[in-house]
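Numbering (the working numbering), first residue to last: 134 to 843.
We put the beta carbon where it would ideally sit given N, CA and C, even for glycine.
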């Protein structure tokens, strides 16, 4: 429908604007902006190191075999320190001043790279690269652990991580490749004699530039970003978040953390504390389990990518297209993860992304054609990007500052260890299967070792994703399908709260029954919050309308929407995020029907205004009080308006029977209250048992949307 398309376009525009707004808010923080610049310098230097040292090795040796292994040797000596020293980097980040750790690590990298340029030995190149990479292992956990302390709010961690990944794997890669191309192109273009720069030529220039980039990073860190030394800036907020779901294991881990921070244990003690924290904290334990499955699947894809492209019988360009598809998917997943996180909790999003990535990898393994492979590989990349960004965000926002560095180091070292190990083993597994061509529906498919390897990787990722989801899930009373449905419908997420709205034509009836329902629900296990219709908040609304001299129906509708938006942001959404049950009278439907029927305003415009004011928040259950006109004689204007409003509300209920329950509002207040309780109990008995207090059935619900429509 055109109206639906317009609404979708508006929603997309608002979503895009909010993304730009979040990015601007994070970049407005001076200390983070400077750290972002430092990340750029170091990332450019890191990528240039791979290119520059590979080129230098080929000049330092005349052996053809050694030249062929130049890239592998540089890559291997750059990865090995991450496998050996990652825990040490995490301990340094948690034990010492992170700014000083980063400063000395940058100085070490600068000196080591500079020595390569002047020593001119192939052996020393590999040794120095190994030591420089070990220094980077000390730098990365300190930087990652310090980022949350530079931000104003914990909810900015995700955007900050997103910006960091864009810089590291986007701008820095392009800059490094372009800079290397320019430097190596200058000599032949200007006909500069090789003897002018010595036997190493412009390869030495590249390495000197790399060392200067690390030196610039060190100077900026020590002189311009003193905030890197801050600790536990958002400790109070983290404590509040932890209180939402305390367990015995969490309390035990918290005691261990306090002991660790107070007694300053040695190396072995800090490693033991980190291991105990991971073992006793389901969130972090599930995170590492899921990450293991995701990284193993990623290694399977990397190791089998080239032979898999050949098995598709699509020519030499197939490999290039698959690489483009997976990186396009990664970028899409990292860009879309924050939007999904506004509708799906991070702990659920992480596990779900890994499961979907595993299932998509199964389709990649079974794909008979390049077109299908490109789509499924892009899905794998998108889910992997979303999972990686979500994992880093969980560590930055939900792990205590005193142990964040060690958890970050464990996460990073696991990624390198598992990806490196699986990439090395996969070619051996592929060689165990002899390639065979199979004819399926007239299409020739080559079955080789890549197919079973990818099938095993997909199954492993899906299985560990399910385990991680069950370990991390904080919303066991809320079905995952409801969250996924809200995400697809672009509705905001809620942690564990429930919203019950009472709608009707008479404000007195909805106020009375909302109060009685809230009082009854307070006997149950949940915190209950009673919220009033913004239009009935006479003091604020009257002040707003009279102060601005608003007399038109549209102006008053806008004023009521402003008050409604304030109540949602100030009262309703925080209560829902804290896991409370919110009872709201005349949330959206009754005011919308009243303004449409009485004031003659366009219903679609009003619905769009309500969506904007409430952030598309909708009740879990809407109780519609069905009552006939009061004492007004039939045919009067008041009675006609009542019937029009009631008719519109009945149409809304009939259009969405899963969310509405219609209750006969005729009779005394006690009788109606009994019917409302019975209706609410019947709804939640099937959906979320145990959330409402037990009570014998006193009355039955007299109407349903289906019966009302008949």
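- Only residues of its own chain outside the window of five on either side were considered, and among them 701 have a CB closer than 6 Å to the CB of residue 747, listed in chain order.
- Residue 654 and residue 705 have their C-alpha atoms roughly 17 Å apart.
- Rounded to the nearest angstrom, the Cβ distance from residue 437 to residue 586 is 5 Å, consistent with a contact under 8 Å.
- Taking a contact as a CB-CB distance under 8 Å, the pair residue 215 and residue 259 does not count as one, their CB atoms being some 16 Å apart.
- In the three-state scheme derived from DSSP, where H, G and I count as helix and E and B as strand, residue 571 is classed as strand.
- Taken through DSSP and simplified to helix, strand or coil, residue 303 comes out as helix.
- The straight-line gap separating the alpha-carbon atoms of residue 492 and residue 532 is approximately 29 Å.
- The Cβ neighbour count for residue 348, taken over all protein chains shown within 10 Å, is at least 16; the residue is labelled buried.
- By the Cβ neighbour-count rule, residue 362 is exposed, with fewer than 16 other Cβ atoms within 10 Å of its own.
- Per DSSP, the unbroken beta strand (DSSP E) holding residue 755 starts and ends at 754 to 759.
- CA-to-CA, the gap between residue 451 and residue 756 works out to about 57 Å.
- Under a 10 Å Cβ-count criterion, residue 537 is classified as buried, with 16 or more other Cβ atoms of the shown protein chains found around its own Cβ.
- The alpha-carbon of residue 645 is positioned some 8 Å away from that of residue 802.
- For the 9 Å CB-CB criterion, residue 571 and residue 467 do not form a contact.
- Within its own chain, the residues whose Cβ lies closer than 6 Å to the Cβ of residue 786, once the five positions on either side in sequence are excluded, are 757, 793, 795, 838, listed in chain order.
- Counting C-beta pairs closer than 8 Å gives three or more between the segment 173 to 189 and the segment 299 to 319, which meets the contact rule.
- Looking at the DSSP output, residue 456 sits in no beta bridge, so it has no partner there.
- A Cβ-Cβ separation of about 5 Å places residue 631 in contact with residue 753 under the 8 Å criterion.
- Spanning the alpha carbons of residue 459 and residue 498 requires a straight line of approximately 15 Å.
- Taking residue 589 as the centre and dropping the five residues before and after it, the same chain places the C-beta of 433 closer than 8 Å to its C-beta, in chain order.
- Restricting attention to 221, 167, 181, 183, the CA atom closest to the CA of residue 541 is found in 221.
- Of the candidates 548, 605, 777, the residue whose Cα lies closest to the Cα of residue 417 is 605.
- Comparing alpha carbon positions, the residue from 412, 744, 524, 162 closest to residue 545 is 524.
- In the same chain as residue 503, and ignoring 5 residues on each side of it, the C-beta atoms closer than 6 Å to its own belong to 445, 447, 451, in chain order.
- Only buried fits residue 600, as 16 or more other CB atoms lie within 10 angstroms of its CB.
- Rounded to the nearest angstrom, the Cβ distance from residue 721 to residue 662 is 17 Å, too far for a contact under 8 Å.
- Under the DSSP assignment, residue 635 falls in the beta strand (DSSP E) whose first and last residues are 631 to 637.
- Contact between residue 518 and residue 453 is ruled out by a C-beta separation of about 20 Å, above the 8 Å threshold.
- Using a Cβ distance threshold of 9 Å, residue 465 and residue 515 count as a contacting pair.
- Distance from the Cα of residue 509 is smallest, within the candidate group 521, 495, 522, 520, for 495.
- Using a Cβ distance threshold of 9 Å, residue 338 and residue 186 do not count as a contacting pair.
- Within a 10 Å sphere around the beta-carbon of residue 526 sit 16 or more other beta-carbons, which makes this residue buried.
- Residue 230: not part of any beta strand (DSSP E); DSSP gives it neither H nor E.
- For a cut-off of 8 Å, the C-beta gap from residue 727 to residue 696 is around 15 Å, too long to register as a contact.
- In this model, residue 156 and residue 297 are separated by some 11 Å (Cα to Cα).
- In the structure shown, the three-state DSSP call for residue 663 is strand.
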